[in-house]
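Residue numbers (our numbering), protein chains in the order written: chain A, 1 to 385; chain B, 386 to 770. All C-beta atoms, glycine included, are put in the ideal place defined by N, C-alpha and C. Here's the structure, in structure tokens; my notes come after.
Here it is as structure tokens:
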């Protein structure tokens, strides 16, 4: 297979976009990415989206969006793997281009969650868990993550305040990102006094329901090199793994096997170890997921994830900066778009275009997108070398 | 890219499966395909499904089903492109194996439509059309196809009875398929007296809401040859194209441009012309779609599709047999599963395992799966040579 590179990126601000439809948001991101790549045509479109069928009464986004952006004759599909839909769409596009089946591909991640009530969104999010054995028993995603966090604190002896820096770091970084949902830093006091949702998870441990769209254009690295418009952002690792869809179905619910597996394969492809990663856009849908993801990917020992937050290792100047543009917590979590936002942000860092959030000398970045409570994990590694 | 072959096939009867869940149906088909292929493990799973999020309150089928069939660590995603979801999943799997990214892949098409009311299913089907410009104006899929058929009859001078043989052929073939939803032939009188749904479409022009699951296992032709369990079924053409999602957005609504484009590319890959196709599993969701598909793929001149039905060219002994195991009309149309059923049936024909439906000396077969009213068309060509 041939090496593939990102040649165009685009995204909308993450917000409650009352004034725009799903189609418009996706179009803004897609056309921005194509303009950035300076291409007027692509050979295929891969759309990451989870809930447009219910939240927007519109499925069939491949045909819908290729039509909308004026390329009705290209190949177009939607890929869904819950909260990891965006990265799954990117990976499908990557394989199509790496294999030579397509020369260029457009990946769009889009989610428009605020057209329906919060209760409807909560129901829709629960379709990522097992309907029979989880959702129908009344457990929500916040509930599942609360159980995990509770157990983690009990098992490894952490206090709730030990997780605070995950939220503080995300919000501090979000303040530097003009496209973030929340562009303000928060204090320890705000974290401690935040509204409790499902103990021990308070509103500062959870990512917000949001609208947004992000897009990238990819082509072979050879073609990308011939264009030389931006510093090359090469994809040097890509892997996906599933795990038991239920939390109770796992031998050790506090170890993200799918994250470990997909990271291990991606490290192998890139020929690097965790210590060579300059920044990590992880899936901080909940604070506990940040800790588990850091451990599974080899940045912390088992049960020691919060140590990286407490010591400031996750800060922009730290050993392994995470959520550099605000992460799911502060940039926002428009579900099917999130994985593509992570990739756009990684490309921004590697192109030196991350503004106030720029990580100095960033050369290798990793993204990890998680579907369900760890049941579908997709890891990518990028390089500007 | 390496050549890829089908090494295992499996499917459930198409029916109203009150006694089985979506998970069970998918599992039956998947495990049957793996048993047929004599493999106990695959590297990735691609699930074609349109409406499980609403009809079964369950999304995230990649993780859900890999878990269910006992392979929780493999890659798993769901692909959705309305009624062409099954073929879209097959094509994604095909590219993953052809590129060498995966050695073996499992494709599952599954739809469980009878857990909710007919009205809910009708609403759900309408999410394949444009929400703003079609569905919200009250037009259903039957309505869109009725408009097309009406216009076609007016434009080219056909009578309603001229379409009868599409239904009669499908039902006659369904009678020979123990997995078909309707296993009985119908008469001209039954066709003419059938309940009208949306003039000129009566109930014998329309495919039935159904439950079912179909699955295939694919690997490289080199590996398949080394196994030599069945006659080799090679994939010699694969192409996809979109078109304007709305019917009114097309210059000529009576010409399926996406079907023409995807067939043209597939013929080119296979190095053949339409006359070399021994049978054609087309997307006869409605009789009018059969006529339009035959024309777009070069089997009839524009406006002459019904001639092939009237002359019996579409019969098992005819020039271009279609719907050989009943088609969408009589085998049934479990939406996201349909494309995979078509592929399973093509493999049965090419392996000489089609029983009473066997087409003599079948060597090259084609499948065409259509999403929306012609807005997403995926064509595959298979060979046993």
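Along the chain, where does the beta strand (DSSP E) that runs through residue i open and close?
i: residue 596 (chain B); result: 596-605
i: residue 376 (chain A); result: 376-383
i: residue 431 (chain B); result: 429-433
Would you call residue i buried or exposed, if buried means 16 or more other Cβ atoms sit within 10 Å of its Cβ?
i: residue 145 (chain A); result: buried
i: residue 668 (chain B); result: buried
i: residue 91 (chain A); result: buried
i: residue 430 (chain B); result: buried
i: residue 799 (chain B); result: Because chain B is modelled from 386 through 770, residue 799 (chain B) falls outside the range shown and cannot be assessed.
i: residue 257 (chain A); result: buried
i: residue 171 (chain A); result: buried
i: residue 313 (chain A); result: buried
i: residue 572 (chain B); result: exposed
i: residue 770 (chain B); result: exposed
i: residue 658 (chain B); result: exposed
i: residue 347 (chain A); result: buried
i: residue 564 (chain B); result: buried
i: residue 741 (chain B); result: exposed
i: residue 512 (chain B); result: buried
i: residue 112 (chain A); result: buried
i: residue 301 (chain A); result: exposed
Show which residues of chain A have a CB atom less than 9 Å away from the CB atom of residue i.
i: residue 452 (chain B); result: 130, 242, 243, 244, 245, 246, 249 and 375
i: residue 520 (chain B); result: 57 and 58
Within the continuous alpha helix (DSSP H) that includes residue i, where are the two ends?
i: residue 476 (chain B); result: 470-483
i: residue 718 (chain B); result: No alpha helix (DSSP H) contains residue 718 (chain B), which DSSP labels as neither H nor E.
i: residue 751 (chain B); result: Unbroken run through residue 751 (chain B) is the beta strand (DSSP E), 749-756; no alpha helix (DSSP H).
i: residue 107 (chain A); result: First-last for residue 107 (chain A): 104-112, but that is the beta strand (DSSP E), not the alpha helix (DSSP H).
i: residue 295 (chain A); result: 287-296
i: residue 151 (chain A); result: 141-156
i: residue 163 (chain A); result: Neither: residue 163 (chain A) is in no alpha helix (DSSP H) and is coded neither H nor E.
i: residue 506 (chain B); result: 503-510
i: residue 560 (chain B); result: No alpha helix (DSSP H) contains residue 560 (chain B), which DSSP labels as neither H nor E.
i: residue 55 (chain A); result: 52-55
i: residue 371 (chain B); result: Residue 371 (chain B) lies beyond the stretch modelled for chain B, which goes from 386 to 770, so this question has no answer here.
i: residue 446 (chain B); result: 446-453
i: residue 308 (chain A); result: 305-310
May I ask you to list the residues that DSSP assigns as paired with residue i?
i: residue 196 (chain A); result: A:202
i: residue 725 (chain B); result: None, per the DSSP bridge assignment.
i: residue 400 (chain B); result: B:596
i: residue 239 (chain A); result: A:379
i: residue 406 (chain B); result: According to DSSP, which records beta bridges pairwise, residue 406 (chain B) is partnered with nothing at all.
i: residue 81 (chain A); result: A:83
i: residue 707 (chain B); result: B:665
i: residue 247 (chain A); result: In DSSP, residue 247 (chain A) forms no bridge with anything.
i: residue 5 (chain A); result: A:219 and A:234
i: residue 460 (chain B); result: B:429
i: residue 10 (chain A); result: A:215
Taking C-beta pairs closer than 8 Å, name the residues in chain A that residue i reaches, listed in chain order.
i: residue 719 (chain B); result: Under the 8 Å cutoff, chain A gives no residues; its nearest Cβ is about 16 Å from residue 719 (chain B).
i: residue 486 (chain B); result: 1, 95, 98 and 99
i: residue 415 (chain B); result: Result: empty, since nearest Cβ-Cβ is about 14 Å, beyond 8 Å.
i: residue 467 (chain B); result: 59, 60 and 63
What in chain B is Cβ-close to residue i, meaning under 7 Å?
i: residue 121 (chain A); result: Here the premise fails: no neighbours, minimum Cβ distance about 13 Å.
i: residue 88 (chain A); result: 462
i: residue 72 (chain A); result: 627, 628 and 629
For my contact list, residue i and residue j are in at a C-beta cut-off of 8 Å; report their separation, rounded to the angstrom.
i: residue 30 (chain A); j: residue 215 (chain A); result: 5 Å
i: residue 37 (chain A); j: residue 7 (chain A); result: 4 Å
i: residue 182 (chain A); j: residue 330 (chain A); result: 5 Å
i: residue 674 (chain B); j: residue 755 (chain B); result: 6 Å
i: residue 752 (chain B); j: residue 666 (chain B); result: 4 Å
I want to verify the contact list: residues of chain B whose CB lies under 8 Å from the CB of residue i, in sequence order.
i: residue 372 (chain A); result: 445 and 448
i: residue 53 (chain A); result: 436, 438, 439, 509 and 512
So residue i contacts chain A; which residues on that side make the cut at Cβ distance below 7 Å?
i: residue 701 (chain B); result: Those within 7 Å of residue 701 (chain B) in chain A number zero; the least Cβ separation is about 33 Å.
i: residue 477 (chain B); result: 92
Run the proximity test for residue i: is its beta-carbon closer than 8 Å to any non-hydrogen atom belonging to the ligand MN?
i: residue 537 (chain B); result: Inclusion of the ligand MN in the displayed structure is not the case, the ligand content being empty and no account of it being possible.
Contact set between the stretch 243-274 of chain A and chain C, restricted to residues whose Cβ is under 8 Å from the partner:
Absence of chain C from the displayed structure is noted, the protein chains being A and B.
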